[in-house]
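Engineer: Provided herewith is a single structure, encoded as structure tokens, for subsequent inquiry.
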Amino acid sequence: MLTYVLAGLALSMDAFAVSVSSGMCIPGLTLAYAVRTAFAFGLFQFLMPLAGFAAGTAFASAIGSWDHWLAFGLLALVGGKMILESFGVKDAASCSDEERGKLNVLDLRVLLVLSVATSIDALAVGISYSIIRAPIWIASAIIGAITFALCLVGCEFGRRIGSRLERWAEAAGGATLVGIGLKILLEHLLAR
Numbered sequence: 000m001l002t003y004v005l006a007g008l009a010l011s012m013d014a015f016a017v018s019v020s021s022g023m024c025i026p027g028l029t030l031a032y033a034v035r036t037a038f039a040f041g042l043f044q045f046l047m048p049l050a051g052f053a054a055g056t057a058f059a060s061a062i063g064s065w066d067h068w069l070a071f072g073l074l075a076l077v078g079g080k081m082i083l084e085s086f087g088v089k090d091a092a093s094c095s096d097e098e099r100g101k102l103n104v105l106d107l108r109v110l111l112v113l114s115v116a117t118s119i120d121a122l123a124v125g126i127s128y129s130i131i132r133a134p135i136w137i138a139s140a141i142i143g144a145i146t147f148a149l150c151l152v153g154c155e156f157g158r159r160i161g162s163r164l165e166r167w168a169e170a171a172g173g174a175t176l177v178g179i180g181l182k183i184l185l186e187h188l189l190a191r
């Protein structure tokens, strides 16, 4: 269960970072829009692991002998990408008009694009979960609920605090995913 909570925290960091940025850059981000934003991010973070799990299950027989390496590789790549991206986070106090447009969660189309973009990592995690036969409904529900809660807080943080937390949240999320991938690999290798 702790693994799913940690994965939920890690996977929600992209959406949390976008929520913080939106809170900073979008004037008029009311509580109602923050709830809508958090719901959209949480919903996609819930659905993507399910889709990844279905895809992984469909191809399980083809990848059975090296599935632990695939799970580790996917999680290490996603986590590594998040860590690298954390170094590119700018000071969002200087949001340009272009950045405001890209982060305008008040526009439903932008919100949907951001929801999909921030949940692609969860698709890869869903594939990994199919390999280790994780209870996907529980794992997905935890991931979605954590994402919802953190994004709701992130919108308000963004309004009040600014970009101080964004970089560290992204790096911590990436490191957590790499750690989970390493745990899967080591459990398999040490079980032999």
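Counting in numbering that gives the first Met the number 0, the sequence shown runs from 0 upward without gaps. Quick reminder that beta carbons are idealized off the backbone N, C-alpha and C, glycines included.
1) Within the chosen definition, does the stretch 32-49 reach the stretch 113-129 through at least 3 CB pairs nearer than 8 angstroms?
2) So C154 and T2 are supposed to be a Cβ contact under 8 angstroms. How far apart are they, rounded?
3) Given that a residue counts as buried once 16 or more other Cβ atoms are within 10 Å of its Cβ, and exposed if not, what is D106?
4) Between which two residues does the alpha helix (DSSP H) harbouring I137 extend?
5) Hey, would you say C150 sits closer than 8 angstroms to F15, going by beta carbons?
6) Leaving out five residues on either side along the sequence, give the residues of the same chain with a beta carbon under 8 angstroms from the beta carbon of V34.
7) Whole angstroms is fine: what's the gap from A53's alpha carbon to S127's?
8) Tell me the residue span of the alpha helix (DSSP H) that contains P48.
9) Starting from the Cα of P26, find the closest Cα among G78, R159 and G79 and give me that residue.
10) Once the 5 residues before and after S129 are set aside, which same chain residues still bring their CB inside 6 angstroms of it?
11) Have a look at T29 and F147 and give me their C-alpha separation to the nearest angstrom.
12) Note the first and the last residue of the continuous alpha helix (DSSP H) segment covering R108.
Structural biologist: Looking at the atomic coordinates:
1) They touch, by the three-pair rule.
2) Between T2 and C154 the Cβ distance is about 27 angstroms, and since that is not below 8 angstroms, they are no contact.
3) exposed
4) I135 to R159
5) For C150 and F15, yes; Cβs fall inside 8 angstroms.
6) L151
7) 11 angstroms
8) L30 to A57
9) Nearest C-alpha to P26: R159.
10) F52, G55 and T56
11) 16 angstroms
12) Element bounds for R108: L107 to I130.
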